[in-house]
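Working notes, beginning with the structure itself.
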Amino acid sequence: MVATAAIVLAAGQGTRMRSRLPKVLHPLAGMTMLDHVLAALAAAGVEHRVVVVGHGAEKVEAAVGDRVITARQDPQLGTADAVRVGLGRIPSSVRHVIVTMGDAPLLPPDLFQRLLREQAEGEAVVALLSATPADPSGYGRLVRGADGTAQAIVEEQDGDAAVRALSEVNAGTYCFDAGWLRANIGSVPAAPSGEYYLTDLVGLAVSGGRRVAVVSAPRAELAMGINDRVGLAVAEQLLRTDIAHRHMRNGVTIVDPPSTFIDATVEIAQDARIEPWSVLAGKTRIGPDAVIGPHAHLRDAEIGARSTVWASVVEASLVAEDVQIGPYSHVRPGCRIGPRSRIGNFAELKKTTVGAGTQQHHFSYLGDAEVGNEVNIGAGAVTANFDGTTKHRTTIGDGAFIGVDTMLRAPITIGPGARTGAGAVVTRDVPAGKTVVGMPARPIEARRRSASRDDA
Ligand code: UD1
Ligand code: CA
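The working numbering puts the first residue of the sequence shown at 810, with every later residue one more than the last.
Have a look at this one:
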């Protein structure tokens, strides 16, 4: 039996974003605004969540999938109308209904819990969240009586000068007694604009002799809704700062937080060190004692213990422990780099598995390749994996030595311990232990092997 549910209002147009993307789908530190709201509600223990959608409904529905219930509001007749629509999807067992805005992504979970406690234990029909931002313009003002109790919320455009002079505003997040909300949502009168204001319920409760509780947000900037892209950037900065602080308190060194961009979804182990000008995005995970940056860009990358990524890009790949990457390397999606390997200057890899202790340096490319342990990939070596139509695989056995400027025309297999001479164009498989040279590469006598050197 669910006792508490939440309605997230996300049907509005978000005109001031000037975007084709629905406002609540704009990303913030790697997650959409709406996902931040849903995650905070889940963290507060509110599992039954209804999102009211309208403008861009298909896109919002696709983005949330079946993780939450959605309810369509069409036309959008204001916040009270949106709550009425959302209530239709809330089971009758629910006693407390949290209402919050899809465009308020920074609200910490404990504020939802405080609203719930104030409403339930204080026997109030509604507990609302107030805030005192530096600039209250544009927000509904909280009007308190002589005894300090909440009397009404007056929208800025409907208030006189005395109301507009009030600095305490309605943050737009509430916890309602479900029974009272169901009984009264239909009594909200239409405003002159034709909209139904949820905020009118406060005045209705007071005139009905019911108690309205107020919870003041300790940090106003976390409670406020985002209306335009300037607000979005401000929120991004606040969130990034909080994320960096969380990691530092967990034992991660972040040398220069302002130049370090860590998504909310990133995990970093103790004693990792993040150097300046680094971007850690998506589902990136960093192991203990790893050193990331300066100038690293990781997206959905897993970096093992003690590995270093210096001035390089790693995308959707697994990097084992004690690996050195960079400077100036690009590990593209689908790679697995084995322990103690070194990926050096201007090396590029794509969908390639590299074994333990392998070295790849200087202007080289490995694509669709399986590379063994202790292999040396010389300067300028390239897997020619694409014939214009199909991608082909390259296999390089343990201990192989690929000489400088070698072309490996895939599909091809280089046996364990085999060697290629400088500039070899290898078009046929090379058996284990053999050395090939030339163009196209052909086997040479054992006595000449020492001539095929790699000065990488
Ligand atoms: C609202 C409050 C205001 C408060 C402010 C805090 C009302 C009448 N006013 O004003 O007191 O200070 O939030 O940010 O509630 N929405 C719908 N359906 C609709 C209309 C809106 O789902 O028909 C959604 C919007 O997508 C948005 C939220 O409700 O997420 C708030 O709507 P918005 O128009 O931004 O209200 P504000 O004018 O900001
Ligand atoms: Ca708003």
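Where a beta carbon is used, it is the ideal one built from N, C-alpha and C, also for glycine.
Nearest CA to the CA of residue i: which residue from the options?
{"i": "CYS934", "options": "VAL1011, ARG1237, VAL1123, ALA970", "result": "Residue identity check: residue 934 is Val in the sequence provided, not Cys. Ranking VAL1011, ARG1237, VAL1123, ALA970 by Cα distance to VAL934 puts VAL1011 first."}
{"i": "GLY1208", "options": "THR1199, THR1244, VAL1191", "result": "THR1244"}
{"i": "GLN960", "options": "GLY1017, ALA1110, GLY854, GLY863", "result": "GLY1017"}
{"i": "LEU1217", "options": "PHE1155, PHE1210, VAL1234, ILE899", "result": "VAL1234"}
{"i": "GLY1143", "options": "ALA1073, GLU1124, VAL859", "result": "GLU1124"}
{"i": "GLU1084", "options": "ILE994, GLY954, LEU1041, HIS1104", "result": "HIS1104"}
{"i": "GLY1113", "options": "ILE1101, PRO1225, ALA1014", "result": "ILE1101"}
{"i": "GLU965", "options": "TYR948, ASP956, THR909", "result": "TYR948"}
{"i": "THR1008", "options": "GLY988, GLU1030, THR982", "result": "THR982"}
{"i": "SER996", "options": "ASP890, MET826, LEU1089, VAL1064", "result": "ASP890"}
{"i": "THR1181", "options": "ALA1156, VAL1213, ARG1145", "result": "Checking the sequence, you will find Gly at residue 1181 rather than Thr. Selected option, being the one with the closest Cα: ARG1145."}
{"i": "VAL877", "options": "PRO918, GLY887, ALA851, HIS905", "result": "ALA851"}
{"i": "LEU1047", "options": "GLU1030, MET1057, HIS1056, VAL1061", "result": "GLU1030"}
{"i": "GLY1091", "options": "ARG1228, GLN1079, ALA971, ALA1110", "result": "ALA1110"}
{"i": "VAL1163", "options": "TYR1174, SER1150, ASN1154", "result": "SER1150"}
{"i": "PRO917", "options": "GLY854, ILE899, ALA1190, VAL903", "result": "GLY854"}
{"i": "ALA1073", "options": "ILE994, VAL952, ARG1094", "result": "ARG1094"}
{"i": "VAL859", "options": "ILE907, GLY1096, PRO884, THR1204", "result": "ILE907"}
{"i": "ILE1077", "options": "PRO1067, GLU1157, ASP1098", "result": "ASP1098"}
{"i": "GLY1153", "options": "LEU834, VAL978, TYR1137", "result": "TYR1137"}
{"i": "LEU1127", "options": "VAL1140, SER1121, GLY887, PRO942", "result": "VAL1140"}
{"i": "GLY821", "options": "GLN882, SER1068, HIS835, LEU837", "result": "GLN882"}
{"i": "PRO884", "options": "ARG898, HIS864, HIS857, ALA913", "result": "HIS864"}
{"i": "ALA992", "options": "ALA1014, VAL1061, PHE1070", "result": "ALA1014"}
On the CB-based measure, 16 or more other CB atoms within 10 Å of its CB, does residue i come out buried or exposed?
{"i": "ASN1059", "result": "exposed"}
{"i": "LYS832", "result": "buried"}
{"i": "GLY1003", "result": "exposed"}
{"i": "PHE1210", "result": "buried"}
{"i": "MET1248", "result": "exposed"}
{"i": "ASP944", "result": "exposed"}
{"i": "ARG1108", "result": "buried"}
{"i": "VAL1239", "result": "buried"}
{"i": "GLY1135", "result": "buried"}
{"i": "ARG829", "result": "exposed"}
{"i": "THR824", "result": "exposed"}
{"i": "GLU867", "result": "exposed"}
{"i": "ALA955", "result": "exposed"}
{"i": "LEU1195", "result": "The amino acid occupying residue 1195 in the given sequence is Phe; Leu does not appear at that position. It counts as exposed."}
{"i": "VAL1075", "result": "buried"}
{"i": "LYS1159", "result": "buried"}
{"i": "ARG1237", "result": "exposed"}
{"i": "THR1198", "result": "exposed"}
{"i": "GLY1096", "result": "buried"}
{"i": "ALA970", "result": "exposed"}
The alpha helix (DSSP H) with residue i in it runs from where to where?
{"i": "ASN993", "result": "987-993"}
{"i": "GLU1030", "result": "1029-1032"}
{"i": "VAL1011", "result": "1009-1016"}
What residue range does the beta strand (DSSP E) around residue i cover?
{"i": "GLY1176", "result": "1173-1176"}
{"i": "ILE1052", "result": "ILE1052 -> not in any beta strand (DSSP E); alpha helix (DSSP H) instead, spanning 1038-1058."}
{"i": "GLU927", "result": "Unbroken run through GLU927 is the alpha helix (DSSP H), 918-930; no beta strand (DSSP E)."}
{"i": "VAL908", "result": "905-910"}
{"i": "MET1216", "result": "1216-1218"}
{"i": "SER996", "result": "Careful: SER996 lies outside any beta strand (DSSP E) and carries neither H nor E."}
{"i": "PHE1070", "result": "1069-1071"}
{"i": "VAL1191", "result": "1191-1193"}
{"i": "THR1204", "result": "1203-1205"}
{"i": "ARG1251", "result": "1250-1252"}
{"i": "THR1244", "result": "1244-1247"}
{"i": "ILE1035", "result": "Careful: ILE1035 lies outside any beta strand (DSSP E) and carries neither H nor E."}
{"i": "ALA1209", "result": "Premise fails: ALA1209 is in no beta strand (DSSP E) and is neither H nor E."}
{"i": "VAL811", "result": "Segment: none, VAL811 is in no beta strand (DSSP E) and carries neither H nor E."}
{"i": "ALA1022", "result": "1021-1025"}
{"i": "THR1222", "result": "1221-1223"}
Is any non-hydrogen atom of ligand 4 found closer than 8 Å to the C-beta of residue i, if you look at the structure I gave you?
{"i": "LEU1007", "result": "Absence of ligand 4 is noted for the structure shown, with ligand 1 and ligand 2 being the only ligands found."}
Is there a Cβ of chain D sitting closer than 9 Å to that of residue i, yes or no?
{"i": "ALA849", "result": "Absent from the structure: chain D. Only one protein chain is present."}
Three or more beta-carbon pairs under 8 Å between the region 863-880 and the region 827-845, yes or no?
In the pairwise beta carbon analysis, the region 863-880 is classified as touching the region 827-845: at least three pairs are separated by under 8 Å.
So does the region 1160-1168 actually touch the region 1183-1194, counting three or more Cβ pairs closer than 8 Å?
Contact between the region 1160-1168 and the region 1183-1194 is present: three or more C-beta pairs spanning the two stretches fall below 8 Å.
Quick one: which unbroken alpha helix (DSSP H) runs of 4-plus residues sit fully inside the region 814-902? Chain order, please.
Runs found: 842-852, 866-873, 888-896.
Assess contact between the region 924-942 and the region 1035-1052, defined as three or more Cβ pairs (one per stretch) separated by less than 8 Å. Is contact present?
Touching, no, given that fewer than three Cβ pairs across the two stretches are closer than 8 Å.
At 3 residues or longer, what runs of the beta strand (DSSP E) sit wholly inside the region 934-992?
DSSP runs (the beta strand (DSSP E)) wholly in the region 934-992: 935-940, 950-953, 959-963, 978-986.
Within 8 Å, do at least three Cβ pairs link the region 953-969 to the region 1037-1056?
No: the two stretches stay apart, fewer than three of their Cβ pairs being nearer than 8 Å.
Meets three-Cβ-pair contact criterion under 8 Å: the region 880-899 and the region 810-817:
Inter-segment contact for the region 880-899 and the region 810-817 is present: three or more beta-carbon pairs are separated by less than 8 Å.
To test your reading of the DSSP string, which unbroken beta strand (DSSP E) runs of 3 or more residues are found completely within the region 1083-1160?
At a cut-off of 3 residues, the continuous stretches assigned as beta strand (DSSP E) that sit fully inside the region 1083-1160 are 1087-1090, 1106-1108, 1122-1124, 1156-1159.
Is it a yes or a no for the region 1020-1030 touching the region 921-929, going by three-plus beta-carbon pairs under 8 Å?
Flag = yes, the region 1020-1030 and the region 921-929 touch.
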